[in-house]
Each structure stands twice: as C-alpha cells, then as structure tokens.
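Protein chains in written order, with our numbering: chain G, 1 to 211; chain S, 212 to 363.
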C-alpha cells in the first residue's frame, strides 16, 4: 500500500531568534552584574628564616612612612617634613594641608633634587623616553595599628595608588602624547618602569593606641 | 479579482508553539543551576569600602574570595568572622583553603591566582594583617582589596 504523501508544513521559526536574544541579554546582564573590583597588591614572599625579616635596609631619605593609628589619624613623614591628617576625609587636602597624593607625587618625583627626598639615579628606559633621572629606590611604607579601621587603610592605599596613576598619566602625556589608558602594552610597561609602584605593607605595631 | 489571486485560498497552518515553553524552561533551569553553583551564600555582612582607583578583576576563574565581616546571623555575635566557601573558618584554615583552590586550577593558571579580600569597612586591621600573613605563608601573593568604585 503506497504511503499517502501529506506534507508537514514548515515550522515558523522566525520568533526563535527573538527568544534566544532575549535569553542572551538576560544572561549577559546577570553574569556581569557582580564584577569584583579592588586595589591590586602584591605581597612579599614569606621570610625564609627569622633573620631575613629585618634585613631590608633602606636609606632614610628614600623612605616615606605613612602611619595610620588606632584613631584613624594619618601621618605622612619623609625627611623633608611631616604632614598630619585628622581623618580619611582630609586626605584630599583642605584644612591647610597639602593633599596626600601631592606629597606622594613630590616624594616620587623629587623635582627639586632635594637631598631630603629620594636619590635621583639616571636610567635608560628606551625610546622615546631616553635616559632620565628617577627615584628608583624610593619606598612608601604603609604602617597601621592593630585597631585601625579597614576603611581608613583602604583610603590611604587609594590615595597612594591615585598619586601613582596621576604620575603615570602625566608621563604618558609627556612622552607619548596620550593618556595612560590608550597606550600599548609595551608603552605601558615603559611607563610602569619609569614610575614603579614601590609600596611596602609593614607588620602591625601599636601607634598611639590604648593597648 | 486579478488573475494572480487564486480562487482556492491556501491558509498558512498555525504554528505549533506547544514546545516553546519546554525550550524556555530548559534554558531557565540551566541558568538557575549555573548561577547558584558559582556564587556562595553570604554569611557575613560586608559593606565594602569605597575607593576611586579600583581595577576590575578580569578572569573570574582565577579569583578566590575571602569574606570578612560580622556574621549576618545575630545569634553568632558581632565579632569579625571569616567565611571561606560556605562555612565560617579561622585564619589558620586559610593555608588549606588556598592549597585546595590552587589544586583545582589549571597548572598554567596557578601563578595567576588572585585572592580577593572582601572585608567590611569597619574591620580592625589586626584581622586583615593576620589574613595577609597567612596568605603569604600559602604563597598566594597576588591579592586585591575589594572595594566599590566611588569617590572618597
């Protein structure tokens, strides 16, 4: 017996695209909602033995000490002088103080070639930067008390990173004519070498706090 | 009317949409399952500090999270607690946790592992410092202080 040849009508699949796009949009929104962001840091490797821990020697002029005490007061000190901030909202300046980022920038740059600021050493960074004097050995040491609030600590870290970011942006403008964001990976590397982030996070001590 | 108009009108048969809900439900279940698998339920309260210079952590599979803050459940007190995966933990558990997370990663990715410290902004630094020291011991040296983007 021959089969009756009835044709099945083709399925109208035109709205399938709409459905899948809808789901795609939903997926994209949901998956990108909780992107974590933060201040990236690199910790030093653990000390191999007890002696090594205290063997790092830094010249006094190359050191900028940032202290955050138990009342979240901030003290920024290098050999040139000391700046105090009563709390984290004052870090931007105001109340007669220089903004903290400007203190850090002046410390890293040492434009005046002052003997109280880090030593300037001539170094070659390749074209188009060439050989320029930089403070290769500077260290910014962020120290905190055991009872310091985390938010104050982050605010201080943020100001230091802000100072470095502004320096790098200025460097990118001067040598490449664009902002740091628009540089290629190699050019970014050059600028990073020019202004390396040298931040040290010390062990906790008790500064001006009740024990 | 015209000669193109055939007298015997053929109707397009109605589309069979009965399987549409099946497809949608299948995809919906897929999403529900995958999203709940990845994110853990929070057991500590975190109000992240704000910072203006934050960087985004790009590869999610390389990031390990440490949550620090007072517990959500008020019966557990208001002291700072740490949550690793889905349970409370002590600072001494960090080494094992990091080793576990590292082992579950691709070998090529292991040096790129980043630990994101998500801590409440009212936490005392003592706790953070202990966590940092433990991370150093565990050789998880790339860390990120999680913060919301904003002015401060």
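We put the CB at the ideal spot given by N, CA and C, even for glycine.
{"Item": "Burial state of residue 211 of chain G (16 or more Cβ within 10 Å)", "Value": "The pLDDT assigned to residue 211 of chain G is 38, lower than 50, so where the model puts this residue is not dependable, and the model offers no usable value."}
{"Item": "Counterpart residues of residue 299 of chain S in DSSP-defined beta bridges", "Value": "S/294"}
{"Item": "For residue 84 of chain G, three-class secondary structure by DSSP", "Value": "strand"}
{"Item": "Cα-Cα separation, residue 115 of chain G to residue 82 of chain G", "Value": "16 angstroms"}
{"Item": "Cβ neighbours of residue 244 of chain G in the same chain (closer than 6 angstroms, five flanking residues each side left out)", "Value": "Outside the displayed range of chain G (1 to 211) lies residue 244 of chain G, so it cannot be described from this structure."}
{"Item": "Residue 307 of chain S: CB within 8 angstroms of a non-hydrogen atom of the ligand PLP", "Value": "This structure does not include the ligand PLP; it has no bound ligands of any sort."}
{"Item": "Stretch-stretch touch, CB-based, cutoff 8 angstroms, three pairs: the segment 320-335 of chain S with the segment 272-279 of chain S", "Value": "yes"}
{"Item": "Terminal residues of the beta strand (DSSP E) in which residue 78 of chain G lies", "Value": "74-78"}
{"Item": "Beta-bridge pairing of residue 212 of chain G - partner residues as DSSP gives them", "Value": "What is shown of chain G runs 1 to 211, which leaves residue 212 of chain G out entirely."}
{"Item": "With 16 other Cβ atoms within 10 Å as the buried cut-off, status of residue 247 of chain S", "Value": "Model confidence at residue 247 of chain S stands at a pLDDT of 48, short of 50, so the residue's coordinates are unreliable and nothing is read from them."}
{"Item": "Exposure of residue 355 of chain S, with buried meaning 16 or more beta-carbon neighbours within 10 Å", "Value": "buried"}
{"Item": "C-beta neighbour in chain G for residue 299 of chain S, strict 9 angstroms", "Value": "no"}
{"Item": "Contact check, residue 92 of chain G vs residue 99 of chain G, beta carbons under 9 angstroms", "Value": "yes"}
{"Item": "Residue-chain proximity (residue 234 of chain S, chain G), Cβ-Cβ < 9 angstroms", "Value": "yes"}
{"Item": "Assigned exposure category for residue 20 of chain G - 16 Cβ within 10 Å defines buried", "Value": "exposed"}
{"Item": "Chain-ordered neighbours of residue 135 of chain G on chain S, where CB pairs are closer than 9 angstroms", "Value": "Chain S residues near residue 135 of chain G: none, gap ~21 angstroms exceeds 9 angstroms."}
{"Item": "Residues near residue 334 of chain S in its chain [Cβ-Cβ closer than 8 angstroms; skip 5 each side]", "Value": "279, 280 and 291"}
{"Item": "Cβ contact (3+ pairs, closer than 8 angstroms) linking the segment 67-74 of chain G and the segment 138-157 of chain G", "Value": "yes"}
{"Item": "Where residue 252 of chain S meets chain G, residues with beta-carbon distance less than 9 angstroms", "Value": "Under the 9 angstroms cutoff, chain G gives no residues; its nearest Cβ is about 13 angstroms from residue 252 of chain S."}
{"Item": "Backbone CA spacing between residue 254 of chain S and residue 296 of chain S [nearest angstrom]", "Value": "10 angstroms"}
{"Item": "Neighbour flag for residue 329 of chain S against chain G, beta carbons, 9 angstroms", "Value": "yes"}
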